[in-house]
Amino acid sequence: MNVVGSWRRRSGKEEEDDEEEKNGRRTRNGGKEMRKDPKKMIPLALLLAMSWSTVLGQNVVCFECYGNSSSQGQFCSIDKLCVDHSCFFEYSADGVWSAGCSSETASSTVLQCSLLDSGNKCTCNTDFCNSLDAAKEVAGIHSSIASKPLRAFRSKAAAESVDSSPGIAFAVPNSPMIYCHQCGNVTVGSESRDIPCDLHHTCQGNYCVMKRGQSPYAYCGTIWEGEEDPACTKYPDQPERCICEGQMCNVLLSPQTFADAGQLGPVLITEPPPTLAQPVAPNVPPTAPPGKKCKNGKFSPNNQAVFMGEKLKDVILNGFGSDSGAIQNFEDDVNDHICNYSEDDDDEASKK
1 MNVVGSWRRR SGKEEEDDEE EKNGRRTRNG GKEMRKDPKK MIPLALLLAM
51 SWSTVLGQNV VCFECYGNSS SQGQFCSIDK LCVDHSCFFE YSADGVWSAG
101 CSSETASSTV LQCSLLDSGN KCTCNTDFCN SLDAAKEVAG IHSSIASKPL
151 RAFRSKAAAE SVDSSPGIAF AVPNSPMIYC HQCGNVTVGS ESRDIPCDLH
201 HTCQGNYCVM KRGQSPYAYC GTIWEGEEDP ACTKYPDQPE RCICEGQMCN
251 VLLSPQTFAD AGQLGPVLIT EPPPTLAQPV APNVPPTAPP GKKCKNGKFS
301 PNNQAVFMGE KLKDVILNGF GSDSGAIQNF EDDVNDHICN YSEDDDDEAS
351 KK
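Residue numbers for the sequence shown follow the UniProt record's numbering, beginning at 1 and rising by one.
Given below as structure tokens:
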């Protein structure tokens, strides 16, 4: 059987061409061949694009406030909020500052600052990250760091005086501060946040505020918004608003709505807060103190009038205390009311 065939030796040029053709179809990594599959690259690209769009579209809730001086500003509270892609806090060396929302993206979850010609600008990308307390911490750290590079060129006394400085003094209300709750359910646009009421969610202000409606929340008020006396008021189509001046006195009340028909102005709410203990009025109405003359004269004894007067006085005093002048005036008026409708000593003596 004849076999027809031929064989010839391959030239070196042909072997080099074959090797180049193979290299054109593959890549090498650690001696292992890796082929690029375009179909596998598409899901990865889509995943990256979706992740990036999620970051760009995410909204955060920020404080919206400012301080120009100790007598002018808007205090940072959950009653003044805004929504956007990130939060900012700007401040200058003279203590003037402002905080709010920005449409730009931020890379840090806490305030991260950069030095500008007009001062410092700090940004962050989480809810409520631009608080005044957070900015104070950042400003104190930056002040300390900024002083260190010059230490070698200063005398020892000068270095100690700078390093022991408290940092930048932000403009805040010039009035005694008390601690208040800062918590509850807040809604800004389409964004809602539920803030727990605990020791980690407090604030310092000149007085405490509680707003009661379908979504109650509590926060701090200051003289920047105006001085207010302790009271609960209700305007038409607005939640009930209560002011108090005791430490942590603005305890959240249960959600409640009120019928506003026929209300043309603020209404004093005398309903006792359900979270406060209410003393039980005695069955026998108290008598006026011996020797006390009633301011408005003497009316006929009325047990019901005395009972309601005592109950109203207990509710107000237990709810707000008796430290302020407004509450003291209220107590005096109620005592006069009770006096005028109580039986005096002569009436009681004649019955015996």
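Glycine is no exception: its CB is placed at the ideal position from the N, C-alpha and C atoms. Keep in mind it's a predicted model, so treat the numbers as computed, not measured.
query: In whole angstroms, what is the alpha-carbon distance linking R193 and V209?
result: 18 Å
message: Alpha carbons only, please: which of P236, C249, Y235 and Q238 is nearest the one belonging to C220?
response: C249
field: Three CB pairs or more closer than 8 Å across the segment 96-112 and the segment 196-210
entry: no
query: Whole beta strand (DSSP E) runs in the UniProt domain "DUF7741" (178-252) with 3 or more residues, listed along the chain?
result: 178-181, 183-188, 191-195, 202-205, 207-212, 217-221, 231-234 and 240-244
- prompt: Should V172 be listed as close to the ligand ATP, given that the test is whether its C-beta is under 7 Å from any heavy atom?
  reply: The model depicted lacks the ligand ATP and carries no ligand whatsoever.
field: Three-state class that DSSP yields for D84 in the structure shown
entry: strand
message: Comparing C-alpha positions only, which one of G189, H181 and F128 sits nearest to T202?
response: H181
message: Using a 10 Å radius around the Cβ and a threshold of 16 neighbouring Cβ atoms, would you call H85 buried or exposed?
response: buried
- prompt: How would you label T275, buried or exposed, when you count the other beta carbons within 10 angstroms and need 16 or more for buried?
  reply: In this prediction, T275 has a pLDDT of 42, which is less than 50 and means its spatial position is unreliable; what the coordinates show is noted afterwards. Flag for T275 reads exposed.
query: Given that a residue counts as buried once 16 or more other Cβ atoms are within 10 Å of its Cβ, and exposed if not, what is G67?
result: buried
message: If I follow the unbroken beta strand (DSSP E) through C76, where does it start and stop?
response: From DSSP, C76 is part of no beta strand (DSSP E); its letter is neither H nor E.
query: Can you list, in chain order, the residues of its chain whose CB lies under 6 Å from that of L134, leaving out five sequence neighbours each side?
result: The sequence shown places Ala at residue 134, not Leu. Same-chain partners within the cutoff: L111.
- request: Starting from the Cα of F170, find the closest Cα among Q238, C101 and E90 and give me that residue.
  value: Of Q238, C101 and E90, the residue nearest in Cα terms is E90.
query: Considering only C-alpha positions, which residue in the set I168, E191, C76 and S98 is nearest to Q58?
result: E191
field: Neighbour-count burial assignment, S131, 16 or more Cβ in a 10 Å radius
entry: buried
message: What does the Cβ neighbour count give for G226, buried or exposed, with the cut at 16 atoms within 10 Å?
response: Taking all protein chains shown into account, G226 has fewer than 16 neighbouring C-beta atoms within 10 Å of its C-beta and is therefore exposed.
- prompt: Across which residues does DSSP place C113 in a beta bridge pair?
  reply: C122
V251 to I243 span [Cα, whole Å]: 11 Å
- prompt: In the structure shown, what three-state DSSP assignment does A157 receive?
  reply: Low confidence applies to A157: its pLDDT is 39, below 50, so where it sits in the model is not reliable enough to give any reading.
For C76 and G100, believed in contact at Cβ under 8 Å, the rounded distance: About 10 Å separates the Cβ atoms of G100 and C76, ruling out a contact at the 8 Å cut-off.
task: Give the DSSP-derived three-state secondary structure of residue 391 in the structure shown.
output: Outside the shown range of the chain, which is 1 to 352, sits residue 391, and nothing can be said about it.
query: What is the C-beta distance between Y217 and C183, in whole angstroms, given that I count them as a contact (C-beta under 8 Å)?
result: 7 Å between Cβ atoms; contact.
message: One question on the structure: do P173 and S92 come within less than 8 Å of each other, judged by their Cβ atoms?
response: no
- prompt: What does a CB cutoff of less than 6 Å around D79 pick up in its chain, not counting 5 residues either side in sequence?
  reply: Apart from the 5 residues on each side of it in sequence, D79 sits with its Cβ closer than 6 Å to the Cβ of Y219 in its chain, given in chain order.
message: Nearest by alpha-carbon distance to L253: which of E240, G246, E245 and G95 is it?
response: Looking at E240, G246, E245 and G95, the one whose alpha-carbon comes closest to that of L253 is E240.
query: Identify the residues that DSSP records as bridge partners of S98: which are they?
result: Y66 and E90
- prompt: With 16 other CB atoms within 10 Å as the buried threshold, where does residue 366 fall?
  reply: Outside the displayed range of the chain (1 to 352) lies residue 366, so it cannot be described from this structure.
message: If the criterion is Cβ atoms closer than 8 Å, does the pair P176 and Q214 meet it?
response: no
When V188, A139 and E331 are compared against F128, the one with the closest alpha-carbon: V188
- prompt: Quick one: what does DSSP say V60 is sitting in, helix, strand or coil?
  reply: strand
task: Please look up how many angstroms separate the CB atoms of C65 and F88, rounded, as I've assumed it's under 8 Å.
output: The pair is not a contact, with the Cβ atoms about 12 Å apart (cut-off 8 Å).
From Q72, S98 and E228, residue whose alpha carbon lies closest to that of L81: S98
task: Assign N335 to one of three DSSP states: helix, strand, or coil.
output: helix
- request: Give the straight-line distance between the Cα atoms of Q247 and T222, rounded to the nearest whole angstrom.
  value: 14 Å
- prompt: Which of the three DSSP states, helix, strand or coil, is assigned to V138?
  reply: helix
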